[in-house]
Amino acid sequence: MLELENISFGAENDGKPVEIVRDISLTIPDNKFVVITGPNGGGKSTLAKLIAGIEKNTAGRIIFNGEDITDKNITERARLGIGFAFQQPVRFKGLTVLDLLRIAAGKPIKIAAACEYLSEVGLCAKDYINREVNASLSGGELKRIEIATVLARDIKLALFDEPEAGIDLWSFSNLVRIFENMRKAENGRTIVVISHQERILNIADEIIVLADGQIVKQGTKDEILPGIIGTKYATDVCRKIAETEGGNHA
Amino acid sequence: MLKMDPIQLNLLKEVAELHDVPEGAYNFRANGQSVGRSSTANIEITTKTEGSGIDIRIKDNTKNESVHIPVVLSESGLKETVYNDFYVGENCDVLIVAGCGIDNCGQQDSEHDGIHRFYVGKNSRVRYVEKHYGSGDGSGKRILDPQTEVYMDEGSTMEMEMVQIKGVDSTHRTTIGELKANAKLVVHERLMTHGEQSAYSVYKIDLNGEGSSADVVSRSVARDSSYQKLDMCIVGSAPCSGHTECDSIIMDNGRILAVPSLEVNNVDAQLVHEAAIGKIAGEQLVKLMTLGLTEAEAEEQIINGFLK
Numbered sequence: 223m224l225e226l227e228n229i230s231f232g233a234e235n236d237g238k239p240v241e242i243v244r245d246i247s248l249t250i251p252d253n254k255f256v257v258i259t260g261p262n263g264g265g266k267s268t269l270a271k272l273i274a275g276i277e278k279n280t281a282g283r284i285i286f287n288g289e290d291i292t293d294k295n296i297t298e299r300a301r302l303g304i305g306f307a308f309q310q311p312v313r314f315k316g317l318t319v320l321d322l323l324r325i326a327a328g329k330p331i332k333i334a335a336a337c338e339y340l341s342e343v344g345l346c347a348k349d350y351i352n353r354e355v356n357a358s359l360s361g362g363e364l365k366r367i368e369i370a371t372v373l374a375r376d377i378k379l380a381l382f383d384e385p386e387a388g389i390d391l392w393s394f395s396n397l398v399r400i401f402e403n404m405r406k407a408e409n410g411r412t413i414v415v416i417s418h419q420e421r422i423l424n425i426a427d428e429i430i431v432l433a434d435g436q437i438v439k440q441g442t443k444d445e446i447l448p449g450i451i452g453t454k455y456a457t458d459v460c461r462k463i464a465e466t467e468g469g470n471h472a
Numbered sequence: 015m016l017k018m019d020p021i022q023l024n025l026l027k028e029v030a031e032l033h034d035v036p037e038g039a040y041n042f043r044a045n046g047q048s049v050g051r052s053s054t055a056n057i058e059i060t061t062k063t064e065g066s067g068i069d070i071r072i073k074d075n076t077k078n079e080s081v082h083i084p085v086v087l088s089e090s091g092l093k094e095t096v097y098n099d100f101y102v103g104e105n106c107d108v109l110i111v112a113g114c115g116i117d118n119c120g121q122q123d124s125e126h127d128g129i130h131r132f133y134v135g136k137n138s139r140v141r142y143v144e145k146h147y148g149s150g151d152g153s154g155k156r157i158l159d160p161q162t163e164v165y166m167d168e169g170s171t172m173e174m175e176m177v178q179i180k181g182v183d184s185t186h187r188t189t190i191g192e193l194k195a196n197a198k199l200v201v202h203e204r205l206m207t208h209g210e211q212s213a214y215s216v217y218k219i220d221l222n223g224e225g226s227s228a229d230v231v232s233r234s235v236a237r238d239s240s241y242q243k244l245d246m247c248i249v250g251s252a253p254c255s256g257h258t259e260c261d262s263i264i265m266d267n268g269r270i271l272a273v274p275s276l277e278v279n280n281v282d283a284q285l286v287h288e289a290a291i292g293k294i295a296g297e298q299l300v301k302l303m304t305l306g307l308t309e310a311e312a313e314e315q316i317i318n319g320f321l322k
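Protein chains in written order, with my numbering: chain A, 223 to 472; chain B, 15 to 322.
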């Protein structure tokens with residue numbers, strides 16, 4: 223279980239202090255599929271990074287499975303079972319896809335096992351396993367490899383920052399299937415996805431709408447989704463929510 | 015079985031990945047003496063009649079054979095300059111593995127300067143692997159100043175892998191190449207310096223023949239307070255193509271001067287150079303840390319991959 227208690231994150235913009243995440247409190251129970259959505263600049267990615275330790279919250283506490291991890295660094299949180307898939311994955315000159323999957327698994331894994339993770343994200347394993355994770359890979363390929371590195375880890379909480387971005391040629395049903403498989407796995411994992419995509423929102427147990435650094439809506443899919451269905455982009459709806467409700471809901 | 019002590023055997027493993035005598039032709043040199051040699055029907059190794067070193071003569075049409083000529087130094091204060099000349103016949107396809115390991119536990123500097131000259135015959139293909147390695151905790155320096163000269167006849171190909179990853183205090187590496195028509199030279203250099211080490215690597219490749227080409231790529235890492243100068247020049251004097259690239263990671267208080275350069279003497283020569291020096295990207299470290307590595311482990315993985 224993940225508990226956020228009065229989390230805030232402030233930064234400076236042109237010398238002026240800006241609150242990007244404002245006093246968010248939230249509980250995410252085990253084995254849930256939670257989608258965080260909302261307008262761009264609303265604090266979604268920052269919130270996910272605060273959970274993974276990539277950014278440090280300026281106020282509040284983060285409790286993971288009963289343990290206060292507020293002061294733990296990225297590595298310590300990763301070893302406690304928190305995984306993170308970046309919105310814009312980084313490239314590495316020299317490191318191969320297999321190297322990265324082996325690092326992710328944290329143990330020597332056989333090529334066959336590594337290939338399974340690649341097949342899972344729709345990449346032909348034999349074409350990619352020895353490729354360098356460098357500029358020769360397209361953004362979409364990189365994104366799928368990023369997701370595979372999270373699949374290769376033995377984790378309890380998986381955070382995905384806009385996993386659909388950049389994989390437009392790959393059908394969303396595959397992405398949705400990956401999330402469903404992750405939930406079905408024996409040691410079911412909690413999955414937190416930042417997404418604007420209706421099809422991903424549609425498989426959520428719970429949807430959180432974040433705007434202006436605060437939670438403006440939170441509830442089950444059935445409670446939140448009706449306001450989103452029928453529009454082209456979930457973001458439009460989120461923006462409307464933010465505009466009409468002004469971020470006054472805590 | 016080789017007559018070598020454990021330190022020498024370890025050096026041998028590092029520079030040539032050998033535990034014992036290899037198949038094919040070889041010459042092992044330890045502390046200034048030849049400690050093992052074998053010629054084959056197609057590859058003859060002889061001691062030079064004048065000066066120190068060996069001649070390696072490879073007959074025409076020799077295919078899928080190898081020559082190993084590793085050198086190890088474990089005696090502090092030993093300084094030597096050795097001339098090794100390779101005469102590769104026509105239509106050959108051979109692997110040549112050189113390399114030098116120095117272990118210096120003493121106060122005096124140890125130095126090995128290997129001067130390797132390659133005369134590659136028409137349409138021959140040579141793969142050359144050279145690794146340099148230093149160990150030992152004495153105050154005496156481990157110095158390697160290799161010079162490599164490559165003279166390539168028409169249609170020949172040479173791939174060179176030059177690696178110096180650890181333990182060499184000072185190195186001045188000079189590599190020159192002269193290519194005739196349709197000859198092709200590919201160089202991959204891997205260099206890492208640490209502590210107070212310094213490394214100078216100079217390349218001058220002359221593309222003299224029509225259709226000749228060169229691709230000289232250096233990847234290097236400068237850690238601690240070490241210094242590197244990478245000076246890579248391709249000269250195009252015929253319709254030819256060339257590419258040189260210096261790609262470096264800098265850490266701690268390391269310093270690197272990269273000087274890729276081109277000289278064009280023919281209007282149809284197509285030459286390109288590029289250079290990049292930068293620290294390890296923060297996002298790379300963060301990504302590997304989210305996979306459970308510490309910052310130091312992440313750095314090592316990134317460097318190992320970069321120099322692979």
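Ideal placement from N, C-alpha and C gives every residue a C-beta, glycine not left out.
Compute the Euclidean distance between the alpha carbons of residue i and residue j, then round it to the nearest angstrom.
{"i": "F394 of chain A", "j": "S417 of chain A", "result": "12 Å"}
{"i": "N287 of chain A", "j": "D376 of chain A", "result": "16 Å"}
{"i": "A347 of chain A", "j": "R324 of chain A", "result": "14 Å"}
{"i": "L322 of chain A", "j": "R353 of chain A", "result": "11 Å"}
{"i": "E125 of chain B", "j": "I157 of chain B", "result": "5 Å"}
{"i": "V200 of chain B", "j": "T189 of chain B", "result": "12 Å"}
{"i": "G191 of chain B", "j": "R313 of chain A", "result": "34 Å"}
{"i": "D82 of chain B", "j": "R43 of chain B", "result": "Here the sequence assigns His to residue 82 of chain B, which means Asp is not the residue at that position. If I take the Cα positions, the gap works out to 11 Å."}
{"i": "L87 of chain B", "j": "D159 of chain B", "result": "14 Å"}
{"i": "M524 of chain A", "j": "K293 of chain B", "result": "In this structure chain A extends from 223 to 472, so residue 524 of chain A is not present and cannot be described."}
{"i": "K301 of chain B", "j": "G237 of chain A", "result": "29 Å"}
{"i": "P448 of chain A", "j": "D290 of chain A", "result": "36 Å"}
{"i": "N318 of chain B", "j": "T171 of chain B", "result": "28 Å"}
{"i": "V278 of chain B", "j": "I413 of chain A", "result": "58 Å"}
{"i": "T95 of chain B", "j": "G128 of chain B", "result": "6 Å"}
{"i": "D282 of chain B", "j": "A195 of chain B", "result": "14 Å"}
{"i": "K197 of chain A", "j": "L381 of chain A", "result": "Past the edges of chain A, shown from 223 to 472, lies residue 197 of chain A, and the structure says nothing about it."}
{"i": "L397 of chain A", "j": "A274 of chain A", "result": "22 Å"}
{"i": "T371 of chain A", "j": "A327 of chain A", "result": "8 Å"}
{"i": "K243 of chain B", "j": "L302 of chain A", "result": "44 Å"}
{"i": "A30 of chain B", "j": "S234 of chain B", "result": "21 Å"}
{"i": "Q315 of chain B", "j": "A252 of chain B", "result": "42 Å"}
{"i": "K254 of chain A", "j": "V243 of chain A", "result": "23 Å"}
For chain B, find out if any of its Cβ atoms is closer than 8 Å to the Cβ of residue i; answer yes or no.
{"i": "D321 of chain A", "result": "yes"}
{"i": "I296 of chain A", "result": "yes"}
{"i": "G316 of chain A", "result": "yes"}
{"i": "I242 of chain A", "result": "no"}
{"i": "R411 of chain A", "result": "no"}
{"i": "I416 of chain A", "result": "no"}
{"i": "F394 of chain A", "result": "no"}
{"i": "A335 of chain A", "result": "no"}
{"i": "V312 of chain A", "result": "yes"}
{"i": "I325 of chain A", "result": "yes"}
{"i": "A357 of chain A", "result": "no"}
{"i": "F306 of chain A", "result": "yes"}
{"i": "R301 of chain A", "result": "yes"}
{"i": "E234 of chain A", "result": "no"}
Report yes if the CB atom of residue i is closer than 8 Å to the CB atom of residue j, and no otherwise.
{"i": "S154 of chain B", "j": "Q178 of chain B", "result": "The sequence given here has Gly at residue 154 of chain B, not Ser. No, the Cβ-Cβ distance between G154 of chain B and Q178 of chain B is not below 8 Å."}
{"i": "R141 of chain B", "j": "D99 of chain B", "result": "no"}
{"i": "V355 of chain A", "j": "I400 of chain A", "result": "no"}
{"i": "I72 of chain B", "j": "V102 of chain B", "result": "yes"}
{"i": "T76 of chain B", "j": "I68 of chain B", "result": "no"}
{"i": "D435 of chain A", "j": "G282 of chain A", "result": "Checking the sequence shown, residue 435 of chain A turns out to be Gly, not Asp. Cβ atoms of G435 of chain A and G282 of chain A: not closer than 8 Å."}
{"i": "F320 of chain B", "j": "G305 of chain A", "result": "no"}
For chain A, find out if any of its Cβ atoms is closer than 8 Å to the Cβ of residue i; answer yes or no.
{"i": "L205 of chain B", "result": "no"}
{"i": "Q178 of chain B", "result": "no"}
{"i": "E10 of chain B", "result": "Past the boundaries of the shown model lies residue 10 of chain B; chain B is included only from 15 to 322, so the question cannot be answered."}
{"i": "Q161 of chain B", "result": "no"}
{"i": "V230 of chain B", "result": "no"}
**Asked** Curious, which full-length alpha helix (DSSP H) runs of at least 4 residues does the region 314-354 of chain A contain?
**Response** Fully enclosed alpha helix (DSSP H) runs of 4 or longer: 319-327, 333-342, 347-350.
**Item:** Length-filtered (3 minimum) beta strand (DSSP E) runs lying within the region 105-129 of chain B
**Value:** Listed in chain order, they are 107-117.
**Request:** Could you run through the region 239-254 of chain B and flag, in chain order, every residue whose CB is less than 9 Å away from some CB of chain A?
**Result:** Going along the region 239-254 of chain B in chain order, one finds no residue with a Cβ nearer than 9 Å to chain A.
**Segments assigned beta strand (DSSP E), at least 3 residues, entirely inside the region 164-196 of chain B** = Correct list: 171-180, 184-193.
**Prompt:** Listed in chain order, which residues of the region 120-136 of chain B have Cβ atoms closer than 8 Å to some Cβ of chain A?
**Reply:** Result list empty, no residue passes.
**Asked** the region 367-385 of chain A: which residues have C-beta closer than 8 Å to a C-beta of chain B, in chain order?
**Response** Contact residues of the region 367-385 of chain A toward chain B are T371, R375 (C-beta to C-beta distance below 8 Å).
**Request:** Would you list, in chain order, the members of the region 301-321 of chain B that have their beta-carbon closer than 9 Å to a beta-carbon of chain A?
**Result:** Result list: K301, L302, M303, T304, L305, G306, L307, T308, E309, E311, A312, Q315, I316, I317, N318, G319, F320, L321.
**Members of the region 249-267 of chain A that neighbour chain B once the beta carbon cut-off is set at 7 Å** = When C-beta distances to chain B are compared with 7 Å, every residue of the region 249-267 of chain A stays at or above that value.
**Message:** Tell me which residues of the region 285-297 of chain B have at least one Cβ-Cβ distance to chain A shorter than 7 Å, keeping chain order.
**Reply:** Residues of the region 285-297 of chain B whose Cβ lies closer than 7 Å to any Cβ of chain A, in chain order: A295, E297.
**Message:** Under 7 Å, CB to CB, which of the residues in the region 328-353 of chain A have a partner in chain B?
**Reply:** Listed by position, the residues of the region 328-353 of chain A near chain B (Cβ gap below 7 Å) are G328.
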